[in-house]
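Accompanying notes for the structure given below.
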Amino acid sequence: MNKIVTLHLEKIPLSSIKKTAASTLVFEVNQLGFDTLDSGPLSDSWRQQPGTPAYCTELTKALEKAYKEKAPFLRDKVIEKLSAYNLNPLSSKDIVNMNREIYNS
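The opening residue of the sequence shown carries number 1 in my numbering; numbering runs sequentially from there.
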């Protein structure tokens with residue numbers, strides 16, 4: 001019996017002013033082996049920056065959950081929490097999980 005395996009692939013969000021530029025970027029990123037996600041116009045690229053649910057997390061509905069006014073507060077909250085671990089370094093997985101926990105709260 002064959003098992004169907006579903007792989008969770010991370011996508012790289014791309015924002016652009018021009019569709020032609022976005023097409024070029026999509027091609028280049030795909031050449032590197034990554035999938036892309038059209039995250040809208042460049043003016044909305046703040047939705048994928050630190051302090052938003054899309055940062056260090058899965059890019060599904062996270063872009064839609066982002067609030068520009070809340071982003072700086074959440075970003076600073078993560079930095080403060082990370083600063084508490086200065087003597088006990090965290091793994092990259094721990095850091096991603098911390099970001100996800102705070103940004104999706």
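Ideal Cβ placement from N, Cα and C applies to all residues, glycine included.
Could you check which residue in Gln-31, Val-26, Glu-69, Ile-17 has the C-alpha nearest to that of Arg-47? Glu-69
Rounded to whole angstroms, what is the Cα-Cα separation between Val-26 and Ile-17? Their Cα atoms are separated by approximately 14 Å.
Could you pull out every residue in the same chain whose Cβ sits closer than 6 Å to the Cβ of Asp-38, ignoring the five residues on either side in sequence? none
Could you pull out every unbroken beta strand (DSSP E) segment of at least 3 residues lying fully inside the stretch 31-75, listed in chain order? 35-41
Assuming Ile-95 is part of the alpha helix (DSSP H), what are its boundary residues? 92-103
Could you check where the beta strand (DSSP E) with Lys-11 kicks off and where it finishes? 11-16
Alpha carbon to alpha carbon, how far is Asp-76 from Tyr-103? 11 Å
Rounding to the nearest angstrom, what Cα-Cα distance links Val-29 and Met-98 in this structure? If I take the Cα positions, the gap works out to 27 Å.
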